[in-house]
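There are 2 protein chains.
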Amino acid sequence: MSGPGLAPPVFVVDDDPDIRSSLTRALRMRGFAAEAFASAQAFLDGYDGRAACVVLDFGMPGMNGLELQALINREGFPLAVIFITGHGGVPESVQAMKGGAVDFLEKPFRQSVLVERIGAAWEVASARAVAEGRSRDVAARFERLTAREREIVDWIVAHPGTVSSKEVGRSLGISPRTVDHHRARILEKLEIRSVAELVDLARVLD
Amino acid sequence: MSGPGLAPPVFVVDDDPDIRSSLTRALRMRGFAAEAFASAQAFLDGYDGRAACVVLDFGMPGMNGLELQALINREGFPLAVIFITGHGGVPESVQAMKGGAVDFLEKPFRQSVLVERIGAAWEVASARAVAEGRSRDVAARFERLTAREREIVDWIVAHPGTVSSKEVGRSLGISPRTVDHHRARILEKLEIRSVAELVDLARVLD
DNA sequence: GATTGCCTAGGCAATACTGCCCATGCCGGC
DNA sequence: GCCGGCATGGGCAGTATTGCCTAGGCAATC
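One line per chain: the protein sequences are Y and H, in this order. Per our numbering, the very first residue in the first sequence carries number 445; after that it's consecutive. Per our numbering, the very first residue in the second sequence carries number 445; after that it's consecutive.
This is the structure:
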């Protein structure tokens, strides 16, 4: 239960140097592995793909907080975003929350509040990382399937009530025996042991 | 593509009579089936379980908007909530969005904006209603299972890679033949035709 | 006390799946 | 042209599933 990795990483992205230094100091004191970046671009250059919480200034020169959030969502990074803002109002906060932000705080805020929210955000980020990892893993296994195999998978997933080789074969216009053959390859490549698990696995992919 | 039910229902819940009358008038003019309520309690008394969009005053006497939202979430009503507020700020909007609100507008707002947001909210409510209906339907079918049958379902869902009667029987300490028997009843009661579909169906239930 | 529902489990036959073998034909790369 | 991967299928043996029958034990209900 000790060693590196215990301290949840928190990335502070803000163009204000005072905020950066005071937040990182406060967070490190409370056991977080805090790192600061002066801009969205600097953060992106330094980000290594880890699960983490990102404390993001809403209004920054260059790429702003919302844009960075949109990028994080597009890329599927396992990051939980908490916005902090000096001049934002209700419309900005609503937009941020719609974009999947975990929280949104107005400056000035009490550091104890931020720390508490980061704790919650870290839970979200961890869960997201697990889901992401699982999803990537499953997707990688599906990559190994050939076109025909994928076609059979698609058909079975779309018709989980009719999974016999006979039905699938008739539907695809091939012999049941060939479906048997493909199915064996599919189970092998996906590292599963039953059609039930196949349907289960396929549901992981969105 | 015509007849009753085409107009998306919108419930306006606000203690201000002016808001109620102006909003319902504006919404009806734009093709919504708008109804107004002066309080959360009045809305709850009149609500019939339909999928709808609810425009909710954040700060109301009696049960306030947040409390009503929490109740809606608890009950799983197929409603999409849009808050409107006179005096709320960023913390209130964040809290509302965390609670699953689809939108949050400050008074005064342009009616065209509200109408547009209601359109989006209606999509959400419809999708939620479909999911809710499906979920209730599936749950009702699961209700018909006996204790032993449910135990077998649980085991299969937990171990989708090992679904043979032999394995299940060994694990539960009963004969494979008995598992066969239960399984046939399970498929019959759930109105499905394969174990794959069983796993699929079970995943619908959260 | 009879009935009903549930859990148990066996028999039997038809059907299906699985894992091994085999083969053919096609295509793309070396 | 040869080789490897892919899709197609057949054979065969062992195993599993499925549907239909029977039937005993047990608990609750009428």
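Quick reminder that beta carbons are idealized off the backbone N, C-alpha and C, glycines included. Only a predicted model underlies this, so the values are computations on that prediction, with no experimental measurement involved.
Using only CA atoms, which one of Ala-484/Y, Phe-487/Y, Val-648/Y, Arg-464/Y lies nearest to Ala-575/Y?
Val-648/Y
Excluding the 5 residues flanking Ala-565/Y on each side, which residues of the same chain have their C-beta closer than 7 Å to its C-beta?
Cys-497, Ala-524, Ile-526, Val-546, Asp-547
Range covered by the beta strand (DSSP E) that runs through Ile-528/Y
523 to 529
Cα-Cα separation, Ala-410/Y to Ala-478/H
Not covered by the structure: residue 410/Y. The range shown for chain Y is 445 to 650.
So if I threshold CB-CB distances at 9 Å, which residues from the segment 539 to 566 of chain H count as touching chain Y?
Ala-540, Met-541, Lys-542, Ala-545, Val-546, Asp-547, Phe-548, Leu-549, Glu-550
Quick check on the DSSP output: the alpha helix (DSSP H) that includes Val-612/H runs from which residue to which?
609 to 616
So Ser-483/H packs on Asp-462/H, CB below 8 Å; how close in whole Å?
About 16 Å separates the two Cβ atoms, so there is no contact after all.
Contact set for Val-559/H: own chain, Cβ-Cβ below 6 Å, skip 5 residues either direction:
Arg-474
Does DSSP put Glu-632/H in a helix, in a strand, or in coil?
helix
If we count Cβ pairs, one from each stretch, closer than 8 Å, do we get three or more for the segment 529 to 536 of chain Y versus the segment 602 to 614 of chain Y?
no
With 8 Å as the threshold, decide whether the Cβ of Gly-503/Y is near any Cβ in chain H.
no
Can you confirm whether Ile-630/Y, when its beta carbon is compared against all beta carbons of chain H, has any partner nearer than 8 Å?
no
Within chain Y, the residues that Val-568/H reaches when beta carbons sit closer than 9 Å
By Cβ distance, chain Y contributes nothing, its closest Cβ being about 11 Å from Val-568/H, past 9 Å.
For chain H, find out if any of its Cβ atoms is closer than 8 Å to the Cβ of Ser-465/Y; answer yes or no.
no
Is there a Cβ of chain H sitting closer than 8 Å to that of Glu-595/Y, yes or no?
no
DSSP three-state assignment for Ala-477/Y, whether helix, strand or coil
strand
Note down, in chain order, each residue of its chain lying with its Cβ closer than 7 Å to the Cβ of Gly-520/H, except the 5 sequence neighbours on either side.
Glu-576
Is the separation between the beta-carbon of Val-457/Y and that of Leu-471/Y shorter than 8 Å?
no
Can you give me the C-alpha to C-alpha distance between Gln-485/H and Ala-569/Y, rounded to a whole angstrom?
38 Å
Which same chain residues end up closer than 8 Å to Leu-642/Y when comparing Cβ atoms and leaving out the 5 residues on each side of it in sequence?
Val-597, Ile-600, Val-601, Ile-630, Leu-631, Leu-634, Ile-636
Compare the C-beta of Arg-637/H with all C-beta atoms of chain Y and state if any pair is closer than 8 Å.
yes
Under 7 Å Cβ-Cβ, which residues of chain Y neighbour Pro-604/H?
Ser-638, Ala-640, Glu-641, Asp-644
Cβ neighbours of Ile-618/H in the same chain (closer than 7 Å, five flanking residues each side left out)
none
Once DSSP output is grouped into helix, strand and coil, what is the label at Pro-655/Y?
Coverage of chain Y is limited to positions 445 through 650, which leaves residue 655/Y absent and any answer about it impossible.
Who are the neighbours of Arg-647/H on chain Y, taking C-beta pairs under 8 Å?
Asp-644, Arg-647
Using 8 Å as the threshold, is the C-beta distance between Pro-452/H and Phe-476/H below it?
yes
Throw me the rounded Cβ distance for the Leu-510/H and Gly-544/H pair, which I believe falls under 8 Å.
Incorrect: roughly 11 Å between the Cβ atoms, too far for contact.
Please report the straight-line C-alpha distance between His-625/H and Val-582/H, rounded to a whole angstrom.
22 Å
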